[in-house]
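To keep things clear, I will list the structure first and then write my remarks on it.
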């Protein structure tokens, strides 16, 4: 990959001289392989991939190889145990360094260096292994002073300029490699275990906010009772039971009250608590109990007459005043017929009832007479309201055949006369009445049906013009599907007595048609009779007036 340099020392470099023992060779070989596996310089990850990015220099890769070689040389002159510890320390240092190391562009290793060797070993999973052979007197070699040139190369590597391992998080630190460890002791982006021992790894810069606000093991202080609880669970549990926390009354009275006082509030202070009425026993909300008192049926009231009974229930007061109060002036039981006597309940009223019996009887008779007159007057009004005032009368005559037969057998008089209800030509017009002889009258007796109309005394006759001058038409309805009605009409003659203002005598004469329709036509032709019923219309036309 362009810009990426990985330096590895092959296992063959771990060969020892002929004087080294087999155990020494294994120790040297294992240590060198471990160091070689963790040495990797990732240059490309620290620099942007530019087309003309500067190539990394080769000296750094060579320095890594040199320092490993120097370590091997030092190993040959030291005891096995000491060499193992030194290799282990160096391996850990190189692992920490190379795993997160970022080089400035001027010190980046050269990818094209002939000394660079590519490998696929992942340093993040590298582990330093201890030698398999335990040091003994036979395999311990005398220690010797390391070569000065190796120390200078080691010093040169540790003096390389690197970035902080947290530079992606925002740390701007950049200095020599040897100072990286000291910087990490104070780097505000370095992760530390939470001081509350919640198990979280938090950056030093975020530790204060974490401990104060988000740590599940933080100390929570109740804002109401100032009590302190450790951990979110304890804080939530306390928030549900804090005795000082103000909460709304469950009855929705609008009051916020500390939790410890809520029980007492519900019983003694809440305006929405249920209270029994001490008079009727029904349950009411506390803020409406006073309004209930003004209408409570069992609320005690004093008698307005101040009798010997001190209080009476509201629903019993009326009965008390009418029937039981001895201080109440009572009227005679015949007051509706006119008796105006009043006295207290007792012997005085009983005496009046005995002495005024004749007077009461006279008043009763007078009232009956007056009521009869009212009944007659009301009947008259009702009849007037029921009178037709349209000028047209539709007359339904039922049981025609029976009435026709009855007229034939009637021996006295002029036969059986059927009389209609009266009607008016208009609201304030003439009052008229029709009559029918089913068996005929006069010249039409026993052969024809005779129809007549007569003028009755009306309420507005004094305001009308006389004589009567409106045309009158009689119509017998054909009740078949294609009707062919029989119509006869006449125009009054002003000189005739029949059309003058009527007198109050009931035998005033009428005018009409004695041969209106023959019995043969009525009974056999068409369908004038249906369901033993005929319909006769009498119509007064006010537009047709005879000129005088």
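Residue numbers (this note's numbering): 65 to 612.
Heads up, the beta-carbon is just placed ideally off N, CA and C, and yes, glycines get one too.
Would you kindly work out how many angstroms separate the C-alpha atoms of residue i and residue j, rounded to a whole number?
i, j, result
"residue 596", "residue 515", "19 Å"
"residue 256", "residue 302", "30 Å"
"residue 260", "residue 330", "42 Å"
"residue 460", "residue 599", "5 Å"
"residue 541", "residue 606", "22 Å"
"residue 233", "residue 263", "22 Å"
"residue 583", "residue 432", "52 Å"
"residue 314", "residue 307", "16 Å"
"residue 294", "residue 281", "6 Å"
"residue 567", "residue 415", "57 Å"
"residue 425", "residue 439", "21 Å"
"residue 276", "residue 285", "11 Å"
"residue 505", "residue 474", "12 Å"
"residue 321", "residue 247", "55 Å"
"residue 387", "residue 423", "24 Å"
"residue 404", "residue 362", "34 Å"
"residue 430", "residue 436", "10 Å"
"residue 509", "residue 554", "21 Å"
"residue 512", "residue 479", "12 Å"
"residue 213", "residue 230", "33 Å"
"residue 269", "residue 288", "31 Å"
"residue 305", "residue 334", "21 Å"
"residue 355", "residue 309", "35 Å"
"residue 482", "residue 560", "24 Å"
Taking all protein chains shown into account, do 16 or more other C-beta atoms lie within 10 angstroms of the C-beta of residue i, making it buried, or fewer, making it exposed?
i, result
"residue 526", "exposed"
"residue 492", "exposed"
"residue 144", "Here the model assigns residue 144 a pLDDT of 43, short of 50, so the residue's position is not dependable, and the following value carries that caveat. By the neighbour-count rule (16 or more Cβ atoms within 10 Å), residue 144 is buried."
"residue 487", "buried"
"residue 271", "buried"
"residue 517", "buried"
"residue 338", "exposed"
"residue 604", "buried"
"residue 103", "Residue placement at residue 103 is flagged as unreliable, the pLDDT there being 40, under the threshold of 50; the coordinate-derived value follows with that caveat. By the 10 Å Cβ count, residue 103 comes out buried."
"residue 602", "buried"
"residue 398", "buried"
"residue 326", "buried"
"residue 217", "buried"
"residue 383", "exposed"
"residue 345", "exposed"
"residue 445", "exposed"
"residue 396", "buried"
"residue 548", "exposed"
"residue 358", "exposed"
"residue 332", "exposed"
"residue 496", "buried"
The beta strand (DSSP E) that contains residue i, what's its start and end?
i, result
"residue 293", "292-294"
"residue 552", "550-554"
"residue 467", "Looking at the DSSP string, residue 467 is not in any beta strand (DSSP E); the run it does join, the alpha helix (DSSP H), is 464-472."
"residue 481", "481-483"
Output needed for residue i: all residues of its chain with C-beta closer than 8 Å, excluding positions within five of it in sequence on either side, in chain order.
i, result
"residue 389", "367, 369, 371, 373, 409"
"residue 393", "406, 407, 408"
"residue 592", "540, 541, 542, 543, 550, 581, 585, 586, 598"
"residue 464", "502, 593, 596, 597, 598"
"residue 279", "258, 260, 262, 264"
"residue 336", "313, 315, 316, 317, 349, 350, 351"
Round the Cβ separation of residue i and residue j to the nearest angstrom and send it over; I've been treating them as touching at under 8 Å.
i, j, result
"residue 532", "residue 580", "Contact flag wrong, Cβ pair sits at about 20 Å."
"residue 311", "residue 323", "6 Å"
"residue 484", "residue 498", "4 Å"
"residue 224", "residue 249", "About 20 Å; that fails the 8 Å criterion."
For the alpha helix (DSSP H) that residue i lies in, which residues bound it at each end?
i, result
"residue 543", "Segment: none, residue 543 is in no alpha helix (DSSP H) and carries neither H nor E."
"residue 244", "244-248"
"residue 514", "Careful: residue 514 lies outside any alpha helix (DSSP H), inside the beta strand (DSSP E) at 512-520."
"residue 327", "326-332"
"residue 380", "378-383"
"residue 415", "411-419"
"residue 585", "583-588"
"residue 357", "353-357"
So, for residue i: in the same chain, excluding its five sequence neighbours on each side, which residues have a beta-carbon less than 7 Å away from its beta-carbon?
i, result
"residue 266", "255, 256, 258, 274"
"residue 235", "228, 251, 253"
"residue 530", "564, 565"
"residue 447", "none"
"residue 427", "398, 401, 402, 403"
Which residues in the same chain as residue i place their Cβ atom closer than 6 Å to its Cβ, once the five residues preceding and following it in sequence are excluded?
i, result
"residue 299", "284, 293"
"residue 452", "487"
"residue 319", "313"
"residue 454", "none"
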